[in-house]
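Written out below as structure tokens is the structure these notes cover.
Number of protein chains: 2
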Amino acid sequence: MYRIGEFSKICRVPVSALRYYSDIGLLPPVATDPSSGYRYYEAGQLPRLNRILALKDLGLSLDEIGSILDNDLSAAELRGMLRLKQAEMSRAVAEQQAQLDRVESRLRLIESEGEMSDYEIVLKEIDAQHVLSLREIAPEPSHVGTMIGDGFAALMPAGIMPTAPCFSLYHDPEFKPDHIDVEIAYPVPADVTTAPQTPAGRSFGHRIVPGGKMAVTIHQAGYDTIDQAYGALGKWLEANGLGMAGPPQEAYLTAPDDPGGPITEIRIPVE
Amino acid sequence: MYRIGEFSKICRVPVSALRYYSDIGLLPPVATDPSSGYRYYEAGQLPRLNRILALKDLGLSLDEIGSILDNDLSAAELRGMLRLKQAEMSRAVAEQQAQLDRVESRLRLIESEGEMSDYEIVLKEIDAQHVLSLREIAPEPSHVGTMIGDGFAALMPAGIMPTAPCFSLYHDPEFKPDHIDVEIAYPVPADVTTAPQTPAGRSFGHRIVPGGKMAVTIHQAGYDTIDQAYGALGKWLEANGLGMAGPPQEAYLTAPDDPGGPITEIRIPVE
DNA sequence: CTTGACTCTCCAGTAGCTGGAGACTCCATA
DNA sequence: TATGGAGTCTCCAGCTACTGGAGAGTCAAG
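Going down the list, the sequences are from chains A and B.
Be aware that the first sequence starts at 4, since it is given in this note's numbering, and climbs by one per residue.
Be aware that the second sequence starts at 4, since it is given in this note's numbering, and climbs by one per residue.
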């Protein structure tokens, strides 16, 4: 019979961990002195402890290990659990590796630029949205602003409140300033499928804008400098080896008269 | 000004996380109603939030992010931090990958055997130990037991108590049952460097048995079946792509008269 | 009997939230 | 004006596998 300190030296597991295993019932001492509370172990417990350490090393939680040891699982059942773990772990490794890649591309970016960009790009999972939308070919960029106002002018009186900021989608495969295939989308509840014509005579369509992973950044300045944001996004996509998977979106997060100036969120679906 | 729920919808960060960021001062709301406690946010905070998310995505802790944002670190300083992170993360990835490899080799082992082995093998970091030791060529395996007893018979009367169970080292490059180059080692405090001759006339040497990573398993049965343990260790080493890096050790963890039978720990230095 | 090494229990802390309890607040409708 | 429902508040516990510390008790040797 060893006291906890001696046993700890033999099995090379810290005393605090042995006490913890004893507390959670994973490796109770073979005897406990009822008056002093001293825990007593013996060499015969080493196989169990070794099993614990081996399974822990495979990434199982102490809970799982406890049920494996106490239900005396068959090899087949253990194999099943390990298969699950294996899948989970290879996903985790891939994710970690992706994160490491992001750090590396970020470092390359910093080193090539010498300074930090004003834009932070983040990958987000965006939900699909029910929208009412207007789509047309705009002859110049400023035309988009009038379309947005026109749309609101139809929705508000009809009692339709967008459930999120309105945004535009740019459907052109390439950018031509005098021929912009733009769609203005107003997120609405799923049961709103129609709206009256706009004052300027435009008609709303109803559809679901698909969700998915998107690279997102914030442009906090006038619309005339928005190409900087697109530039930063483009660089980021390239550095991370991602490509566009749909039309870019621009969400207008401020009221037109906001004293802080306009703020636009740009989203590019990826992969 | 948005309430927390609206802001959460816009930035796609859970309300609970926003509250947490507000609590730790990382992203305080732009205003808080003193009577109701309601937090109010505005679109102008999105760039900061995006920076937070981007840095978090690179693996920085919220603490680190806070000091980066509030001390307005230069690109060079950020680069330094990221370099550190990068090193740390690639170590973590390698470790995870190694763990995944262990799971895979374990699965292969289970599948090839169809049942679980009685031996669990664990990699441990073993400390170097000061020992007094006897070394000689044993003409048969049972000779080792008499050597151990002979050593104790010299140490005990001299007042030298081993600080850990005694163990043997097998120096032969290959095993021959009638010619075993064995060393019996008794761990002692660093200031004990000599001991009297044994009753049978053997002389102790003093040395440091080097530590390092070792594959460890427990054999809980008579010495005549110890080759099973070595077999399991050999398979494990092969499955994990490791080789021996020194003489195997056997530590005798039970007294000769233990009612539970003898328990032996076998350690093989690796890599 | 003292000393020093060892052990005990209990609690807080770790990172970044999440979820719940119980109490308010806000807004729109009846 | 009352009410209902959705949203919000604060505080606290929980997650993992321990670690470290406080304060008290135990054991063996001198």
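Every residue, glycine too, gets a C-beta built ideally from N, C-alpha and C.
Here the structure is a predicted model, which is why all the values come from computation and not from measurement.
Using the Cα positions of residue i and residue j, report the straight-line distance between them to the nearest angstrom.
i: T197(B); j: G208(B); result: 7 Å
i: Y23(A); j: I269(A); result: 50 Å
i: V191(B); j: A167(B); result: 8 Å
i: Y226(A); j: V147(A); result: 11 Å
i: R138(B); j: R15(A); result: 26 Å
i: L172(B); j: V185(B); result: 6 Å
i: W239(A); j: K216(A); result: 15 Å
i: S115(B); j: Q48(A); result: 28 Å
i: I229(B); j: E253(B); result: 10 Å
i: D153(B); j: A188(B); result: 12 Å
i: G8(B); j: S206(A); result: 31 Å
i: P180(A); j: E91(A); result: 48 Å
i: M159(A); j: R6(B); result: 21 Å
i: A224(B); j: A258(B); result: 14 Å
i: G234(A); j: M164(A); result: 33 Å
i: D261(A); j: D36(B); result: 21 Å
i: R111(A); j: A20(B); result: 30 Å
i: S70(A); j: R51(A); result: 13 Å
i: G237(B); j: P199(B); result: 38 Å
i: G264(B); j: Q132(B); result: 27 Å
i: V18(A); j: S11(A); result: 6 Å
i: G249(A); j: L72(B); result: 33 Å
i: N1(A); j: D75(B); result: This structure gives no information on residue 1(A), because the portion of chain A shown stretches from 4 to 274.
i: G204(B); j: T267(B); result: 27 Å
i: V128(B); j: A157(B); result: A small correction: the amino acid at residue 128(B) is Glu; Val does not occupy that position in the sequence shown. Answer to the nearest angstrom: the Cα atoms are 31 Å apart.
i: E274(B); j: S93(B); result: 21 Å
i: A232(A); j: E67(A); result: 48 Å
i: I151(B); j: N53(A); result: 26 Å
Starting from residue i, find everything on chain B with Cβ-Cβ shorter than 8 Å and list it in chain order.
i: D60(A); result: Q102, R105, V125, L126
i: L30(A); result: In chain order: nothing, as chain B lies at least about 13 Å away.
i: I269(A); result: Result: empty, since nearest Cβ-Cβ is about 11 Å, beyond 8 Å.
i: G263(A); result: E45, A46, G47
i: V96(A); result: V96, Q99, Q100, L103
i: Q89(A); result: L103, V106, E107, L110
With H, G and I counted as helix, E and B as strand and the rest as coil, what does DSSP make of residue i?
i: M247(B); result: strand
i: E322(B); result: No information on residue 322(B) is available, as it lies outside the stretch 4 to 274 that chain B covers here.
i: A258(A); result: coil
i: P50(B); result: helix
i: R15(B); result: coil
i: Q252(A); result: strand
i: E268(A); result: strand
i: A218(A); result: strand
i: R205(A); result: coil
i: A224(A); result: coil
i: I7(B); result: helix
i: I27(A); result: coil
List the residues of chain A whose Cβ lies closer than 7 Å to the Cβ of residue i, in chain order.
i: T257(B); result: A46
i: L56(B); result: V125
i: S93(B); result: L103
i: P272(B); result: Those within 7 Å of P272(B) in chain A number zero; the least Cβ separation is about 14 Å.
Mind listing the chain A neighbours of residue i? Cutoff is C-beta to C-beta under 8 Å, in chain order.
i: A167(B); result: K12, I13
i: A248(B); result: Simply none; closest approach about 18 Å.
i: R109(B); result: L61, L85
Can you list the residues of chain B that residue i reaches, using a CB-CB cut of under 9 Å?
i: L359(A); result: What the structure shows of chain A is the stretch from 4 to 274, and residue 359(A) is not part of that stretch, so it cannot be assessed.
i: L158(A); result: None at all; the shortest Cβ gap to chain B is about 18 Å.
i: R210(A); result: Here the premise fails: no neighbours, minimum Cβ distance about 20 Å.
Exercise for the section: Answer yes if the segment 23-38 of chain B comes into contact with the segment 78-95 of chain B, meaning at least three C-beta pairs across the two stretches below 8 Å, and no otherwise. Expected result: Judged by Cβ distances under 8 Å, the segment 78-95 of chain B makes no contact with the segment 23-38 of chain B, as fewer than three pairs qualify.
Handout entry: Length at least 3, wholly inside the segment 121-203 of chain A: the beta strand (DSSP E) runs in chain order
Key = DSSP runs (the beta strand (DSSP E)) wholly in the segment 121-203 of chain A: 125-129, 132-141, 170-173, 183-190.
Exercise for the section: Would you be able to state if there are at least three C-beta pairs under 8 Å between the segment 210-225 of chain B and the segment 120-134 of chain B? Expected result: At 8 Å Cβ cutoff, the stretches touch.
Exercise for the section: Any chance you could list the alpha helix (DSSP H) runs of at least 4 consecutive residues sitting entirely within the segment 55-118 of chain B, in chain order? Expected result: 65-74, 78-116
Problem - Given 8 Å, three or more beta-carbon pairs between the segment 92-112 of chain B and the segment 55-62 of chain A - result: yes
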